[in-house]
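**Q** Under UniProt numbering, read the sequence shown as residues 1 to 297, first letter to last. Pasting in a structure now, in structure tokens, and then I'll have a few things to ask.
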Amino acid sequence: MQTGTGDLQGLLRLVLAGGDVNKAEEQGIYCNSPLHLASELDAGKENSRDIIQVLLENGADANKENRFQQTPLHLACQHGHLYLATVLVEQLRVDLNAPDCGGLTPLMHAVYRGRLEIVDFLTKRGCDLEILDNEASSALDMAVLNQQQDVITLLLKAGCELEKSKGHVYSRSHYVNSYIYSLINQNDVRNVKLLYDSGCSKKEFYLQGSIHESNEIGISVEMREALRSIIFQPRTLKNACRRVLRGSLARVKKKNEFLGSKFSNLSLPRSLTSYLALDEYRHELQDALSQTRDQNI
């Protein structure tokens, strides 16, 4: 059956003939089921949605694992198939945090492939941000390693904390230092401020700023001023309170609860809940998400 190429007629013939919609493919190393293969279809085409609905209506197992212990949700996140991910999570209530044989969660697959819209979807459905894979890396570690700025912004807004990640200490420190160095080198003041506002300590900026000074690498006046402000001026009380509240609320574990929903449940003025949610950084992120959606249409 050519599910992976969008053969709806072939699928219908299989169903009418009483075929097994959960039978794994006989060729290839993954042993994917038809629902796994459906994740590879173009999500913007109606044919893709029809195939998914036919499979599910005829008993496709939404939790079936392939040879690498990946469920259809893993592959939907890997391929950026938001419709399938939405059906699996919101209608069928599959496990958001199921690890595959490498310990990778659906979120990690989305992060690794840079699937911004999927990362946004999963974090808003309350997926666990702190799970580590078999190499002791978190989703945020992966994003920082690959310097995926929009993904990092999403994860930080969702409640990830760079310095309190449970990942491998040496690797995390190396990733963070490299990322900050890159941001300074690119004169990316916005993301430098985001890292600081989300809880990154002054010492990281001092170290990387000093390296740039000693190497006489040209950085803009705006970047120099931003670094001086971060390094030499104490955090404002407002900023410090945001850092503490975000960290405390992120550690209050409730199944499938998004950090942003915790802010909205507080009896605070909207301006304060917006400040807690780091909404001053949302505009560029919304632009990036809009571009992603346009590409998928």
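The beta carbon of each residue, even a glycine, is placed where N, CA and C say it ideally should be.
In the DSSP assignment, the alpha helix (DSSP H) including THR153 goes from what residue to what residue?
**A** Start and end: 149–158.
**Q** Are SER39 and LEU75 closer than 7 angstroms when you measure CB to CB?
**A** Going by C-beta atoms, SER39 is nearer than 7 angstroms to LEU75.
**Q** Look at ASN97 and ASP50 and say whether their C-beta atoms are less than 7 angstroms apart.
**A** No; because the gap between Cβ atoms is not below 7 angstroms, this pair is not in contact.
**Q** Taking Cβ positions, are ARG67 and TYR30 nearer each other than 7 angstroms?
**A** Yes, these two residues count as a Cβ contact at 7 angstroms.
**Q** My parser needs the beta strand (DSSP E) runs of 3 or more residues fully inside the stretch 66–95; what are they?
**A** You should have found no qualifying run.
**Q** Let me know the secondary structure DSSP gives ILE131 once reduced to three states.
**A** ILE131 falls in the coil class under three-state DSSP.
**Q** Could you check if ASP100 is buried or exposed, using at least 16 other CB atoms within 10 Å of its CB as the buried criterion?
**A** Buried, since its Cβ has 16 or more Cβ neighbours within 10 Å.
**Q** Starting from ARG246, follow the alpha helix (DSSP H) in both directions and report where the run begins and ends.
**A** 237–250 is the extent of the alpha helix (DSSP H) around ARG246.
**Q** Please report how far the alpha carbon of THR123 lies from the alpha carbon of LEU155, in whole angstroms.
**A** Spanning the two alpha carbons is a distance of roughly 8 angstroms.
**Q** Does the Cβ-Cβ distance between GLN148 and GLY114 come in under 7 angstroms?
**A** Yes. Within cutoff.
**Q** Taking the straight line between their C-alpha atoms, what separation do you get for VAL252 and LEU12?
**A** Approximately 47 angstroms between the Cα atoms of the pair.
**Q** Please classify LYS262 as buried or exposed, where buried requires at least 16 neighbouring CB atoms within 10 angstroms.
**A** LYS262 comes out buried.
**Q** On a Cα-Cα basis, can you pick out the residue from GLY199, ASN63 and THR153 that is closest to VAL244?
**A** Considering only alpha carbons, the answer is GLY199.
**Q** Keeping to the same chain, check which residues put their C-beta closer than 6 angstroms to that of LEU145; ignore five residues upstream and five downstream.
**A** Around LEU145: TYR175.
**Q** Give a yes or no on whether the C-beta atoms belonging to ASN77 and ILE131 are separated by under 7 angstroms.
**A** Residue identity differs from the one stated: residue 77 is Cys in this sequence, not Asn. Not a contact, by the Cβ cut-off of 7 angstroms.
**Q** I want to see whether chain B comes within less than 7 angstroms of SER290, judged by CB atoms only; does it?
**A** Among the chains in the structure shown there is no chain B, since it carries only a single protein chain.
**Q** Excluding sequence positions up to five away, which residues of its chain have a Cβ less than 6 angstroms from the Cβ of HIS109?
**A** Cβ within range, chain order: HIS74, CYS77 and GLN78.
**Q** Quick one: is SER138 buried, meaning 16 or more other Cβ sit within 10 Å of its Cβ, or exposed?
**A** Classification of SER138: buried, given that the 10 Å Cβ count is 16 or more.
**Q** Could you spell out where the alpha helix (DSSP H) holding ILE231 opens and where it closes?
**A** Looking at the DSSP string, the run of the alpha helix (DSSP H) that includes ILE231 is 221–232.
**Q** Terminal residues of the continuous alpha helix (DSSP H) containing LEU262?
**A** What sits at residue 262 in the sequence shown is Lys, not Leu. Looking at the DSSP string, the run of the alpha helix (DSSP H) that includes LYS262 is 259–264.
**Q** Can you grab the Cα-Cα spacing for the pair LYS238 / GLN69, in whole Å?
**A** Rounded to the nearest angstrom, the two C-alpha atoms are 45 angstroms apart.
**Q** Please report how far the alpha carbon of GLU26 lies from the alpha carbon of ALA60, in whole angstroms.
**A** Going from the Cα of GLU26 to the Cα of ALA60 covers about 17 angstroms.
**Q** Going by the beta-carbon positions, is the gap between VAL189 and GLU222 smaller than 7 angstroms?
**A** Closer than 7 angstroms, so yes.
**Q** Give the range of the alpha helix (DSSP H) segment to which PRO99 is assigned.
**A** From DSSP, PRO99 is part of no alpha helix (DSSP H); its letter is neither H nor E.
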